[in-house]
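Asks:
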Amino acid sequence: VDGSEAAALAVDRGPAIASFVGYLALIVAIGVWAARFSSAGVAEFFVGGRRMHRFVVALSAVVSGRSAWLVLGVVGLTYQRGASAVWAVVGYIVVELFLFLYFARRLRRFAEVHDCVTVPDVFAARFGDRSGALRLTLAAVFLLFIVGYAAGQFVAGGKAFATGFGLDPTAGILLTAGIVLAYTVLGGFLAVSVTDVVQALLMIVALVVVPAVAISLEGGLAVLAAGLAALDPALVDPTALGFGAFLGFLGIGLGSPGNPHILARYLSIRNAEELRTAAVVGTLWNVVMAWGALFAGLAGRMWVPDPAALPAGDVENLYPFLASQVLPSWLFGLVIAAIFAAIMSTTDSQLLVAASAVVRDVYEKVLHRSEEVPQGRLVLLSRTVVLALVVLSVLMGFYAEQVVFWLVLFSWAGLGASLGPTSILALYWRGTTRAGVLAGLVAGAATVVVWKLTPALSGRLYELVPGFLAGLVATVAVSKLTRPPAEVEEHFRVMAG
Amino acid sequence: VTGFYLVMIVLPAAIVALAVALAVRARRGRLPGRG
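Going down the list, the sequences are from chains A and B. Quick note: the first sequence uses the numbering used here, first residue 3, plus one each step. Quick note: the second sequence uses the numbering used here, first residue 41, plus one each step.
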């Protein structure tokens, strides 16, 4: 019996498919509902007119950052390593708490005064980017890494269709891409954010229900801890990992300030002060989802001690497999829907942010900077670019089917190492200059690529950590040699509120 | 097993408590007269 059949056989497909299709219909309906609002102009299409509610922003920001990597990758990682996998979630959760509370408020205040729609808009206003070089570099970095990231998500969608419903993975990839395309093209940012709320609810329920039911069937938490300790004492030891792994795990958090699809969420909130409430809601959601994934991995290890017994012998299939074992079939359909929620909530935001870099930053602000482009034309162009990016990501996905999480972590690192240090310095260090930011973007991205392609290095430490440091050092060093913009004091007054 | 319970139960609760404490502190920081 091959992997996909093993998981699908355990459930009655009828009710599972019915609940899954109901979920998809709701998501597409939201896209249709939001289409009118999003057609008004690029500010509506790309940041929801900066009128988003704090709960929508809180949930959208955390689920856009949590992709299939959480529901499939972290569950699989915990299955293999046990409790020491906890460090892979602690870093990003704490970093995102600080982003919500401090970084995001400065970013949002600055964006309002300078009418910024995109992250490159913020950089251009902060550093007086008259030549457009900064916008073009940012757009290039976004496209380079985001297409790979989206490709990884589509492949994960194909895998989930295969494991959940026994569908051919290629058809699964196309179906995942088609659904994301439909509601993102129609509804823009509003649809992406509102669907993110639905996805966030679904993900939290699924990530609580599966481990809760599995652990209770196993006899409770104490029985699970004792059982795992008997299996292998390292499974219950949170310190059972090397220093490089520990640093790399915590270092995942360095990516959050550099992922433009997360920063776009902060830009969209209707009032910067509401980010305080968003910080609490977002952190609570992040914590419950992450520990749900950790507990699912631990419960799964007790349930199926031998990884060879998992579908296709792949630990990343554990989550849907465990759900098929412990849940009734209609609920299993919702768990598969939650995996798609993780995939789609990330991909839709990334596609929009990449499209905004092309349309707003390259087309409107560089190629046509001396003329007024009609908003209707910009929105039409944005929709066309989203379509083109989906096609590109799907093609790349077909070539990279075997390396989903390799691609996801690599892209997360590339964005984090280039945009992360430069955005933090732009908001907090008066000495930052345009040349410094350009150097930081290039140094961060290049270090990630080189580190990843050098096996002797990439085996020791996650490429984001050295990449982030290189970006930071390059930005500071070149800034020291050049002159900060004249308006820097005014900019800092605006950011401080 | 103590370490297991610390990271699986106490740590997540501590992070949420930190979020609440920092959010409240950020609010106080904006009262008139406090800059």
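Each residue gets a CB set at the ideal place from its N, CA and C atoms; glycine is no exception.
Counting only C-beta atoms, is A/I181 closer than 8 Å to chain B at any point?
Replies: no
Asks: In angstroms, rounded to a whole number, what distance separates the CA positions of A/T456 and A/L463?
Replies: Taking the straight line joining both Cα atoms gives about 11 Å.
Asks: Taking C-beta pairs closer than 7 Å, name the residues in chain A that B/V47 reaches, listed in chain order.
Replies: A85, V88, P240
Asks: Could you pull the start and end residues of the alpha helix (DSSP H) that A/D123 belongs to?
Replies: 121 to 129
Asks: Taking the straight line between their C-alpha atoms, what separation do you get for A/M304 and A/F112?
Replies: Spanning the two alpha carbons is a distance of roughly 50 Å.
Asks: So, do the stretch 79 to 90 of chain A and the stretch 225 to 242 of chain A have three or more beta carbon pairs nearer to each other than 8 Å?
Replies: yes
Asks: For the alpha helix (DSSP H) that contains A/S69, what are its first and last residues?
Replies: No alpha helix (DSSP H) contains A/S69, which DSSP labels as neither H nor E.
Asks: Using a Cβ cut-off of 9 Å, which residues of the stretch 94 to 124 of chain A contact any Cβ in chain B, in chain order?
Replies: I95, V96, L99, F100, F102, L103, Y104, R107
Asks: How many Å lie between A/P322 and A/A158 at the Cα?
Replies: 12 Å
Asks: Looking only at C-alpha atoms, which of A/F144, A/A488, A/V211 sits nearest to A/A127?
Replies: A/A488
Asks: Please list, in chain order, the chain B residues whose beta carbon lies closer than 8 Å to that of A/L296.
Replies: M48
Asks: Looking at C-beta atoms only, is the number of pairs between the stretch 415 to 424 of chain A and the stretch 433 to 446 of chain A that lie closer than 8 Å three or more?
Replies: yes
Asks: In chain order, what residues of the same chain lie with their CB nearer than 8 Å to the CB of A/A428, ignoring the 5 residues before and after it?
Replies: V124, F125, R128, F129, T434, V439
Asks: Looking only at C-alpha atoms, which of A/T172, A/S347, A/T139, A/F39 sits nearest to A/Q377?
Replies: Taking the Cα of A/Q377 as reference, the smallest distance to any Cα among A/T172, A/S347, A/T139, A/F39 is reached at A/F39.
Asks: Is A/L256 helix, strand or coil when you go by DSSP?
Replies: If DSSP states are grouped into helix, strand and coil, A/L256 belongs with the helices.
Asks: If I follow the unbroken alpha helix (DSSP H) through A/L515, where does it start and stop?
Replies: As shown, chain A starts at 3 and ends at 499. That puts residue 515 of chain A outside it, with no answer to give.
Asks: Quick check on the burial criterion: 16 or more other C-beta atoms within 10 angstroms. Buried or exposed for A/L28?
Replies: exposed
Asks: To the nearest angstrom, how far is it from the Cα of A/H116 to the Cα of A/A437?
Replies: 21 Å
Asks: How about A/A281: is its C-beta nearer than 8 Å to some C-beta of chain B?
Replies: Yes, its Cβ sits closer than 8 Å to a Cβ of chain B.
Asks: Chain B beta carbons: is any one of them nearer than 8 Å to that of A/R278?
Replies: yes
Asks: Suppose contacts are defined by Cβ-Cβ distances below 8 Å. Is A/E318 in contact with A/G75 by that definition?
Replies: yes
Asks: A/G166: which of A/L324, A/A357, A/L471, A/L483 sits nearest, CA to CA?
Replies: A/L324
Asks: Decide if A/D198 is buried, meaning its Cβ has at least 16 other Cβ atoms within 10 Å, or exposed.
Replies: Buried, by the Cβ-count rule.
Asks: Can a CB atom of chain B be found closer than 8 Å to the CB of A/A314?
Replies: no
Asks: Could you tell me whether the Cβ atoms of A/V467 and A/N288 are closer together than 8 Å?
Replies: no
Asks: By a C-beta neighbour count over all protein chains shown, 10 Å radius and 16 as the cutoff for buried, is A/L219 buried or exposed?
Replies: The residue in question, A/L219, is exposed, as its Cβ has fewer than 16 Cβ neighbours within 10 Å.
Asks: Considering only the beta carbon of each residue, do A/V328 and A/A216 sit closer than 8 Å?
Replies: yes
Asks: For A/W293, decide whether its Cβ has a neighbour in chain B, counting only Cβ atoms nearer than 8 Å.
Replies: yes
Asks: Please state the DSSP three-state secondary structure of B/L71.
Replies: Note on B/L71: pLDDT 46, under 50, position unreliable in the model; the coordinate value appears next. Of the three classes helix, strand and coil, the one that applies to B/L71 here is coil, per DSSP.
Asks: Using 8 Å as the Cβ pair cut-off and three pairs as the minimum, do the stretch 54 to 71 of chain A and the stretch 219 to 235 of chain A touch?
Replies: no
Asks: Determine, using beta-carbon pairs with one atom in the stretch 350 to 366 of chain A and one in the stretch 388 to 408 of chain A, whether at least three such pairs fall under 8 Å.
Replies: For the pair of segments examined, the stretch 350 to 366 of chain A was found to touch the stretch 388 to 408 of chain A: the number of CB pairs separated by less than 8 Å reaches three.
Asks: I want to see whether chain B comes within less than 8 Å of A/A202, judged by CB atoms only; does it?
Replies: With 8 Å as the cut-off, A/A202 does not count as an interface residue toward chain B.
Asks: Of the residues that make up the stretch 196 to 225 of chain A, which ones have a beta carbon closer than 7 Å to any beta carbon in chain B?
Replies: Taking 7 Å as the Cβ-Cβ cut-off against chain B, none of the residues of the stretch 196 to 225 of chain A qualify.
Asks: Expressed to the nearest angstrom, what Euclidean distance is found between the alpha-carbon atoms of A/S270 and A/A153?
Replies: 25 Å
Asks: Using the Cβ count rule (16 or more neighbours within 10 Å means buried), how would you classify A/P213?
Replies: A/P213 is buried by the Cβ-count criterion.
Asks: Out of A/G24, A/Y365, A/Y151, which has the shortest C-alpha to C-alpha gap to A/R379?
Replies: A/Y365
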